[in-house]
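The block underneath contains the structure these notes are about, expressed in structure tokens.
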Amino acid sequence: MIQQDASPFSLASLPDEHYLSYLWRWANLSGSRSLYAGLFALTDSRTLGLARALTPQFLASVLERMPEHIDVNAFMLENTPERFFKSLKGTESGFIPLGKNVGVDFANKHLRWCVACAKDDEKSHGLAYWRNSHQDHRLMRCQKHGLRLLKTCHLCKRHKALLTKLGQSPTSARCQYCSKQLENHLVKKLTPFQQWLEQLHHLSNHGVQVDRNSLIRRVQAVVAGESALMKQSPRKLSERPQKRFIDAFNDTKACDHFSFGEVPYGALSSYSQLHLSYVLNPDINHSSIIYALLGWVFLSTEERKASFGTFSAGKAIKDSV
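Reading the sequence shown from the start, the letters are residues 72 to 392 in our numbering.
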């Protein structure tokens, strides 16, 4: 950016601070009029939409342009979603995304907040602070207060958020666009799958991340084996791998983590990004929820524990598959 580029010192990050929050404060101290202007100065990218700034591709471009005196690995661990789910691969020339972006309906388009945390953070950290942990979309609720993590109302959730409008996290339970009251309640009941997603969040805080490519190869083998058996001995529609995956997408409430909700199997042609051939394409970077659902549907309990990790005696463990 402006002043910080020429300085041997870097802005100290706040606890659990999201990288856009960090860059927003950096832009202010550098004299930029907005986060958009500051990011353009840093990355030479005229990215205007928030959704684009939340992609692994954009994060990789930010890391590439960071001043040399900043510890990029520490920054990734403390201030980016890499702490919760691995979407970048380190190379000699820097970090590259593991796959291209998914479609807009499956992408993160908004930053999330907990009202109780935001009120505390406003006093402790001031303006423009967003929590990194709240952006792990495997979570439905704040891990401190148990409140639903908010973003926007149902009617506005497809709207494109602009970096020029990004400021501090709201301290009230109102939609950022139309100011409609949002449901700000305690989330007491989760499906078994959502409980497991929470465990995956905590495992990643202990350094345990899923090996995406190994998972894809294993599920591909399972699906191919099941499909071959079905050709030899045709089974009911409900037993087909694709049908089981869509049913689980709805029944486990994995669908609640996306803007479009439940997907009837008969309407699958309109949701090509839920086709197993698409989901299991290693060249595409999917939501961590989709990869967790693959393990939930196609792996045994023991193999799932080995692939994703588990807690034992208070320690996070991941065995080789």
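Every residue, glycine too, gets a C-beta built ideally from N, C-alpha and C.
Beta-carbon contacts of residue i that lie in its chain and below 8 Å, excluding the five residues immediately before and after
i    : result
D354 : G170 and K171
H256 : L218 and R219
F177 : F329, Q344, H357, S358 and I361
A124 : L91, L110, T118 and L234
DSSP state of residue i mapped onto helix, strand, coil
i    : result
L212 : As written in the sequence, residue 212 is Arg, which differs from the Leu given in the question. Strand.
T242 : coil
F379 : helix
I141 : coil
G165 : strand
R219 : strand
K251 : coil
G120 : strand
W367 : helix
L125 : coil
L82  : coil
K194 : helix
A387 : strand
Counted within 10 angstroms of its Cβ, other Cβ atoms place residue i as buried (16 or more) or exposed
i    : result
Q75  : At Q75, the pLDDT of 46 sits below 50, so the modelled position is not reliable; the number obtained from the coordinates is stated separately. The residue in question, Q75, is buried, as its Cβ has 16 or more Cβ neighbours within 10 Å.
D327 : exposed
Q266 : exposed
C249 : exposed
I167 : exposed
R288 : exposed
F331 : exposed
A325 : buried
M72  : Unreliable positioning characterises M72 in this predicted model, as indicated by a pLDDT of 47, which lies under 50. The coordinate reading is nonetheless provided below. M72 comes out buried.
Nearest-angstrom Cβ-Cβ length linking residue i and residue j, presumed shorter than 8 Å
i    : j    : result
T114 : S132 : 5 Å
S204 : D87  : 5 Å
L365 : V290 : 5 Å
T262 : E193 : Contact doesn't hold; Cβ gap of about 33 Å is too wide.
L159 : P138 : Not really, about 19 Å apart at Cβ, beyond 8 Å.
Y107 : L234 : 4 Å
V293 : F369 : 5 Å
V65  : F320 : Nothing can be reported for residue 65: it is not among the residues displayed for the chain, which extend from 72 to 392.
Residues near residue i by beta carbon distance below 7 Å, same chain, minus five either side
i    : result
S84  : Y93, E149 and N150
L271 : R209, A363 and F379
F111 : R117
L253 : L221, C224, A244, R245 and C246
heavy atom of the ligand SAH below 8 Å from residue i C-beta
i    : result
H272 : This structure lacks the ligand SAH; in fact it carries no ligand of any kind.
Close beta carbons around residue i, own chain, < 6 Å, minus the five adjacent residues each side
i    : result
N352 : none
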